[in-house]
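Residue numbering for the sequence shown follows UniProt numbering, beginning at 1 and increasing consecutively. Worksheet: the structure to be examined is printed underneath.
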Amino acid sequence: MPLYDDTYFMQQALKEAQLAFDEEEVPVGAIVVINNKIISRGHNQVERLNDPTAHAEIIALTSAFNHLGAKYLPDATLYVTVEPCLMCSGALYWSKVGRIVYGASDEKNGYQRFTDPAPSYSSAPFHPKAEIVKGVMAAECAWLMQSFFRARRK
């Protein structure tokens, strides 16, 4: 199996975000990867499920837990197209995801708006052992979000 990089996996998360876009959901997509293999996928389904917690990250995490039969994912990387919100960052904390990679920042709803800019550990509010990678394919991820909201304002 070839080794894939963060760009490849973010492209896969963007495919999930496009599904959300096509379903008239806020276009956020997420995937969970372990050992270079995608084990779960998710995209926003808030409108479809009439559930404000049906974010891409939550759906991808739940699918990963079910796939592995485990409640912790220390060996996993979650790729998400947009900076996680505070709810999703809490879920990522409790699931002990080892690595979180996101594309576009979200100044309005992202976790950084609600957290200490100088936390006592570098991964706050995620698990202390989590590695955080920001800005992978940020322009492409932001463009999809901007396109979605631009269309809604017309």
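Just so it is clear, CB atoms sit at the ideal spot from N, CA and C, and this is done for glycine as well.
If we call anything under 8 Å between Cβ atoms a contact, is residue i one with residue j?
i	j	result
Ile59	Gln45	yes
Gly98	Asp75	yes
Ala13	Pro27	no
Ile100	Leu78	yes
Leu73	Lys96	yes
His43	Leu61	no
Glu57	Val80	yes
Exposed or buried, which one is residue i when buried takes at least 16 other CB atoms within 10 Å?
i	result
Gly103	buried
Tyr121	Residue placement at Tyr121 is flagged as unreliable, the pLDDT there being 49, under the threshold of 50; the coordinate-derived value follows with that caveat. So Tyr121 counts as exposed.
Asp106	buried
His55	buried
Pro2	exposed
Pro84	buried
Lys154	exposed
Glu25	buried
Leu144	buried
Leu92	buried
Ala130	buried
Arg152	exposed
Kindly identify the DSSP beta-bridge partner or partners of residue i.
i	result
residue 167	This structure leaves residue 167 out entirely; the chain is present only between 1 and 154.
*Would you list, in sequence order, the uninterrupted beta strand (DSSP E) runs of no fewer than 3 residues that lie entirely inside the UniProt domain "CMP/dCMP-type deaminase" (4-126)?*
29-34, 37-43, 77-82, 99-104
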